[in-house]
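Accompanying notes for the structure given below.
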Amino acid sequence: FDPTPVDESLLRVIAYCTIVTPNEVEVRRLTGNNEVVDGAKRLLDYGAESVIVKMGERGGFYINREERFFFPSFNVNPVDTTGAGDTFNGSLASALFLGMNIRDAIKYASAASAISVTRKGAATSSPLKEEIINFLEEKGEKVNY
């Protein structure tokens, strides 16, 4: 669930969501909290099982009722950030479907998003699974699936 555009009526839907993936601006607008961690906690209070706050080149923040952690982004030379969040979300869903744990799924999605910003366009910038795996290997990273 990606709450774009931000609408307060979306707060009623959050209780039915497994993972909510807002960016920092959306967290602030939805919760009124300027701090990412506090805003993410508030979304848990609304009933989300997990929250991933996307923070662009600064990585992001994951939280559920048992754990929380910040995660880094991959260092790339961005060309066009259009569709980066959508690429993250789609790749996250794909990784979870493949059976990855949440940490590996986030790493996989972050890699996909990093690749996408090095290309122009939205849908045309989304990488294939093989490209993501190769990118991770080049960065000395690995995911289990």
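Per this note's numbering, residue 28 is the first one in the sequence shown, and the count goes up by one each step.
Each residue gets a CB set at the ideal place from its N, CA and C atoms; glycine is no exception.
Check	Outcome
Please report the straight-line C-alpha distance between residue 92 and residue 70, rounded to a whole angstrom.	11 Å
Relative to the C-alpha of residue 85, which candidate in 45, 50, 72 has its C-alpha closest?	50
Taking residue 111 as the reference, which of 43, 48, 127 has the closest Cα?	48
Run through DSSP, which three-state label would residue 64 get?	helix
How is residue 77 classed by DSSP in three states: helix, strand or coil?	strand
If you measure between the beta carbons of residue 46 and residue 77, is that distance less than 8 Å?	yes
Please say whether residue 87 and residue 79 have beta carbons closer to each other than 8 Å?	yes
Would the beta-carbon of residue 172 fall within 8 Å of that of residue 127?	yes
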